[in-house]
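Keeping their order, the protein sequence lines are chains L and Z. Residues in the first sequence are numbered consecutively from 470, following my numbering. Residues in the second sequence are numbered consecutively from 470, following my numbering.
2 protein chains.
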Amino acid sequence: MVRSNFPPSFLSQTYKSSISKQRSKAENKLLAAKKHSEAERRRRMRINGQYDTLRTILPNLIKVSIIIIDKKKKDKASILVETIKQVTELKKKASKLEDSNGTSKEVKFPSGADRLNLEKCNDEEGLVKATLSCEDRPGLMSSIARALGSMKAKVVKVEMVTVGGRTKSVLWVQGVENEGLRMLKSTLKVVMHKPSFKMRFTQ
Amino acid sequence: MVRSNFPPSFLSQTYKSSISKQRSKAENKLLAAKKHSEAERRRRMRINGQYDTLRTILPNLIKVSIIIIDKKKKDKASILVETIKQVTELKKKASKLEDSNGTSKEVKFPSGADRLNLEKCNDEEGLVKATLSCEDRPGLMSSIARALGSMKAKVVKVEMVTVGGRTKSVLWVQGVENEGLRMLKSTLKVVMHKPSFKMRFTQ
DNA sequence: ATGTACACGTGACCC
DNA sequence: TGGGTCACGTGTACA
């Protein structure tokens, strides 16, 4: 360093700092610039990485020729517009499917063990969803229907699936209150296990 | 133009072109640069426009403060990652819903007019899908069940929805052949329109 | 002061 | 050759 040749006392503090500032200004600037450009480069890489995954996720963004698999990367803007299209499409599709089948997506398959479950639907007052899995038999559905008809309950919706000799039924019942709920449950329980010829209700 | 002062023949074609090249080089460069930068600017705007629509489409990308609706635009990279997440999520959701509800997505609402339609399911042999819309009444479900029970038909799956005093039922019936199909149809037709107390089958 | 994010113009590359 | 896209470094603003 050239400056060290001068006696320290010769230079005022302010002058020294001024010199040091002067001296470091150039290299500081350069260093800062380097840091800056590197940071920017990292940012760019981050973004471009996302573009790449987006490319892989979305269909028909990677053009595949017949012979050569040439991953002709598409335009960034095109990627975005394609993405937007896909998102809106999927959203529409999902919501459509979701409300077209209502709660029906939960209706899976009959349980191996006999089950009976009642639960209130929180989205509508006085609506109860009854799920029951049991052995299938001729007239089961009829029995259930008659049992429900004997009560003031009104069946609004029902889904039932039979597979491998067992059935799972899901009934949405309207107009059952606290006492009626217990009654409904016991009634269904009886229906589930008694042979149909024992059920003789009049409607 | 200065060049027009010289007699045309005085300047060789190559020299002329050289001069013109020389002269236009500076301004040509500038003009080209301007064009270039403008084009680049347009490109940037296009991309950013897509980012904006992406922002509006995706939820929770526009932060809303309690008092002020400050549309703090999120980081580009974050937009992309959020988009990617959404896309994958929606895709999973859509496909899951799609194969979970099988044919159930077709079950809409009861028709205003009474309808009865039978059709064979092409995906499984001997499986018939019966769709009927009619006035709702107590015991309708029971009647249908008994009517089907009186035949050799086996109900594999049923979906029913009641709204506004009308019901639509879709029954998947197994084990009905050509003759049985007509019988099934007429039976259901009867069930649809006759009051329940007229149906007195034994199972 | 330090980092982070964006827009800009420019050189390079490819149809 | 020009029109399009990209990566890069830089200037600038905001926290």
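Heads up, the beta-carbon is just placed ideally off N, CA and C, and yes, glycines get one too.
Inter-residue spacing [alpha-carbon to alpha-carbon] between residue i and residue j
i	j	result
Lys598 (chain L)	Trp641 (chain L)	4 Å
Val627 (chain L)	Val627 (chain Z)	7 Å
Leu549 (chain Z)	Asp544 (chain L)	15 Å
Ile535 (chain L)	Asn586 (chain L)	No answer about Ile535 (chain L) holds up, because its pLDDT of 46 lies below 50 and its placement is not dependable.
Ala508 (chain Z)	Thr552 (chain L)	24 Å
Leu500 (chain Z)	Arg524 (chain L)	36 Å
Lys589 (chain L)	Ala622 (chain L)	14 Å
His505 (chain L)	Lys562 (chain L)	44 Å
Lys503 (chain Z)	Ile516 (chain Z)	20 Å
Leu596 (chain L)	Asp583 (chain Z)	27 Å
Leu650 (chain Z)	Thr631 (chain L)	20 Å
Val624 (chain L)	Gln643 (chain L)	6 Å
Val556 (chain L)	Asn591 (chain L)	30 Å
Lys654 (chain L)	Asn647 (chain Z)	41 Å
Lys540 (chain Z)	Met514 (chain Z)	Bear in mind that a pLDDT of 49 at Lys540 (chain Z), under 50, signals an unreliable position, so the model cannot answer this.
Glu558 (chain L)	Ser564 (chain L)	10 Å
Gly634 (chain L)	Glu594 (chain Z)	19 Å
Thr600 (chain L)	Lys637 (chain Z)	20 Å
Val645 (chain L)	Lys658 (chain L)	16 Å
Asn497 (chain L)	Arg510 (chain Z)	32 Å
Thr656 (chain Z)	Thr522 (chain L)	58 Å
Min CB distance residue i to chain L below 8 Å
i	result
Arg635 (chain Z)	no
Gly618 (chain Z)	yes
Leu549 (chain Z)	yes
Lys498 (chain Z)	no
Ala622 (chain Z)	no
Met652 (chain Z)	no
Ser611 (chain Z)	yes
Val556 (chain Z)	yes
Thr656 (chain Z)	no
Leu523 (chain Z)	yes
Thr631 (chain Z)	yes
Thr552 (chain Z)	yes
Chain Z within 8 Å of residue i, Cβ atoms only
i	result
Arg615 (chain L)	yes
Leu559 (chain L)	yes
Ala595 (chain L)	Per the sequence shown, residue 595 (chain L) should be read as Gly rather than Ala. No, because no Cβ of chain Z sits closer than 8 Å to the Cβ of Gly595 (chain L).
Ala546 (chain L)	yes
Glu628 (chain L)	yes
Pro607 (chain L)	yes
Arg515 (chain L)	yes
Lys562 (chain L)	yes
Val660 (chain L)	no
Val625 (chain L)	yes
Cross-strand partners of residue i (DSSP beta bridge)
i	result
Asn586 (chain L)	L:Thr600
Gln643 (chain Z)	Z:Leu596, Z:Lys623
Ser506 (chain Z)	None; Ser506 (chain Z) has no bridge partner.
Ser638 (chain L)	L:Leu601, L:Met629
Of the residues the options, the one placed nearest residue i, counting alpha carbons only
i	options	result
Gly608 (chain L)	L:Leu523, L:Leu527, L:His662	L:His662
Ala614 (chain Z)	L:Met629, L:Met514, L:Gln643, L:Glu646	L:Met629
Ser602 (chain Z)	Z:Val660, Z:Arg510, Z:Lys554	Z:Val660
Arg512 (chain Z)	L:Leu527, L:Ala546, L:Thr636, L:Thr557	L:Ala546
Leu617 (chain L)	Z:Thr636, Z:Ser611, Z:Glu646, Z:Leu617	Z:Ser611
Asp605 (chain Z)	Z:Val624, Z:Gly581, Z:Val625, Z:Gly595	Z:Gly581
Gln519 (chain Z)	L:Leu527, L:Arg510, L:Lys554, L:Asp521	L:Lys554
Ser619 (chain L)	L:Pro579, L:Glu594, L:Met652	L:Met652
Ile526 (chain Z)	L:Lys560, L:Thr636, L:Gly634	L:Lys560
Pro579 (chain L)	L:Thr522, L:Val639, L:Asn497	L:Val639
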